[in-house]
Every structure is written in structure tokens, then in C-alpha cells.
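The numbering of the sequence shown is numbering that gives the first Met the number 0, which starts it at 0 and goes up by one. Written out below as C-alpha cells is the structure these notes cover.
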Amino acid sequence: MEVEEIDDDYREYDNDEESAAEASFPEAEEGYAGELTGYRLSDTMRKEMYEFLLVDGMEENICNAIDSILAIKEQGDVTGGNLIITGDTKSGKTFLSVEIIKAITEAMGGGSGKVAKVQAEALNGKNIEKVFEKIADSDLIVENVGYLDDATLSDLFNNMEAGKADGMVVLEGNQLAVENIFINFPYARELFHTRLDVNELDLVQWAELGKRYAADKGYSIEGLALLAFHAKISEVNKPTVRLGYDDIRELVDKAIARAGKRRGVKKIFTPNAGGEEGGYLKQLEESDFM
0 MEVEEIDDDY
10 REYDNDEESA
20 AEASFPEAEE
30 GYAGELTGYR
40 LSDTMRKEMY
50 EFLLVDGMEE
60 NICNAIDSIL
70 AIKEQGDVTG
80 GNLIITGDTK
90 SGKTFLSVEI
100 IKAITEAMGG
110 GSGKVAKVQA
120 EALNGKNIEK
130 VFEKIADSDL
140 IVENVGYLDD
150 ATLSDLFNNM
160 EAGKADGMVV
170 LEGNQLAVEN
180 IFINFPYARE
190 LFHTRLDVNE
200 LDLVQWAELG
210 KRYAADKGYS
220 IEGLALLAFH
230 AKISEVNKPT
240 VRLGYDDIRE
250 LVDKAIARAG
260 KRRGVKKIFT
270 PNAGGEEGGY
280 LKQLEESDFM
């Protein structure tokens with residue numbers, strides 16, 4: 000999927016955090032079933048969205064969101080079928096937005112496969128009708144929507160009501176900002192029937208994510224090593240910037256690198272490793288996370 004960022008030059012978007020979103024559409028093992036709650040994520044999509052699916056109920060919420068948008072589009076509603084995604088900084092909202100757009104485009108049997116991405120502040124003062132003309136046949140993701148001024152919001156919603164948006168519009172922001180927008184522009188609720196809240200993972204869930212990543216690389220994190228891993232996660236999880244999957248992988252990769260310098264790395268039998276019968280994984284130690 001081609002993801003582009005809108006600025007004065009309208010250039011191709013390139014960012015490590017979102018790079019996975021630029022891959023081609025996956026082959027869906029399961030797809031739109033034609034009725035609400037009928038959509039099921041393919042195995043490929045579940046792998047791509049693994050981080051989000053660790054949160055209880057998130058897979059069902061994602062499927063329901065996709066299903067809701069598909070149902071609206073199947074009805075031929077040209078102004079509906081848009082999405083609100085809320086979450087904190089570095090929560091992966093844009094990655095999830097692109098994955099959902101991919102799923103909807105594939106389920107609908109086509110589309111340009113293009114997504115335009117823009118920071119809200121860059122839209123302020125712009126002629127929204129001309130913006131939609133510029134990104135014709137593309138879906139639009141607006142990040143940090145709370146920074147859109149009232150005049151631009153009004154222009155955006157009016158153009159959407161008039162059918163000027165060729166594709167799907169996704170607004171991203173924190174919950175308070177989104178709720179304030181719909182208080183000030185209640186009629187916009189008719190344009191956005193679907194909302195998805197991205198919740199943060201807690202320390203235990205991040206550690207579980209790290210354990211599975213380590214297992215894929217042939218290593219186990221248990222006992223004192225797991226406690227040290229928890230402490231390391233807490234250390235890097237700064238209040239101002241939300242922890243991300245890349246941070247977890249980096250912690251594990253560094254621990255594996257330290258373990259590689261030790262002699263006589265122990266192996267531990269793990270029931271879920273190496274197939275149904277289990278297998279042996281190299282054991283990371285407490286010192287590997289120091």
C-alpha cells in the first residue's frame with residue numbers, strides 16, 4: 000500500500016514506525032461475511048496487528064469497526080464509512096489505521112490502494128476542497144485532529160457532507176480532543192459512525208510480548224530474568240512518550256547480544272516452543288537485562 004504525507008509538495012511518506020504499513024495487501028484467509036460482526040481477521044493480519052491484539056477485546060473491536068464501515072459502504076453511503084481512532088502518543092494509531100484501510104479496500108474488491116497522511120496543523124487554513132482534489136482516489140488520515148482549528152474542521156465536514164472525499168477519512172487523536180470536536184460539531188457524528196479506541200498495554204502485557212519475541216529468536220525469559228525485564232520496561236517507559244513494540248524488541252535484542260558474549264548459555268525446555276511437543280530455548284539471565 001502506498002502511504003503519502005501531505006505537505007506543500009505532497010511527497011511519499013517514509014517513517015520507520017509506519018514502514019510495515021507500506022507492504023502489499025495480504026492474502027486474506029477470511030474476510031467480509033456480509034453482516035455485522037461477520038468480519039474475521041486473516042492469520043496474516045493477526046500477525047501484523049499482534050501488539051494490539053494483546054489487549055483484551057481488541058480483536059473483536061477491530062473486527063466490529065471494519066464490519067461497521069463495510070456495512071455502511073455496502074449500503075452505498077458516499078458520506079459515511081469513515082473512522083475515528085483515539086489513543087495516546089506512540090500508540091500505533093496510524094499503523095492500525097492503514098491496516099484497517101487495507102482490510103476494507105481488499106474486502107470491497109479494489110480501490111487505488113493509496114493513503115494520504117497529514118498532520119492536523121498542516122491542514123489549518125487550507126482549502127479542503129482543493130486538498131481532496133489533490134489526493135483524489137486516496138483515503139485520508141488526519142493525525143492529531145485536536146490541533147485542527149474550528150474553521151478548518153467546519154470546512155472539512157462540509158466538504159465531506161457534499162461528497163468531495165473520494166475515499167475514507169480517518170481522524171486520529173486523544174479521546175478528549177475527539178469528544179470536544181463532536182461537542183462543537185454534533186452533526187459530524189453522521190459522518191463518523193465508527194470509533195476505535197487504542198488502549199495502552201500494561202507492563203505484564205509488554206513483557207509477554209517480549210517473551211514471545213525472544214522465543215521466536217530461540218530464547219526464554221523466565222524467573223529472575225523476567226523480573227529484570229519488567230524493571231527494564233518500567234525504566235524506558237517514560238511518561239511523556241508511550242512505549243512501543245520497537246522499544247520492547249530493542250530491550251530483548253540487547254539482552255540476547257549480551258547473552259551471546261557469555262560462555263555456557265543454559266537451555267530450558269519450553270512446552271510451547273518448537274511445535275506441539277515443545278522444544279529447548281536458550282535461557283536469558285538477570286544480568287543480560289542490566
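Note that beta-carbon positions come from the ideal geometry of N, C-alpha and C, so glycine has one too.
Counting C-beta pairs closer than 8 Å gives three or more between the stretch 172-188 and the stretch 67-87, which meets the contact rule. Here D42 is exposed: its Cβ has fewer than 16 other Cβ atoms, across all protein chains shown, within 10 Å. The residue from E189, I134, L53 with its alpha-carbon nearest to that of K163 is I134. Relative to the Cα of Q118, the nearest Cα in the group Y186, T151, S219, V141 belongs to V141.
Distance check between T151 and each of K113, N123, V168 places N123 closest, using alpha-carbon atoms only. The three-state reading of DSSP puts E50 in helix, counting H, G and I together. Between the stretch 197-209 and the stretch 221-238, the count of C-beta pairs closer than 8 Å reaches three or more; the two stretches touch.
Each of R188, I182, A256, E58 was checked against the Cα of V168, and the nearest Cα belongs to R188. If only uninterrupted beta strand (DSSP E) runs of at least 3 residues are considered, those enclosed by the stretch 183-257 are 193-196.
Assigned with DSSP and collapsed to three states, L155 falls in helix. Nearest Cα to A102 within the set S67, D76, I247, E284: S67.
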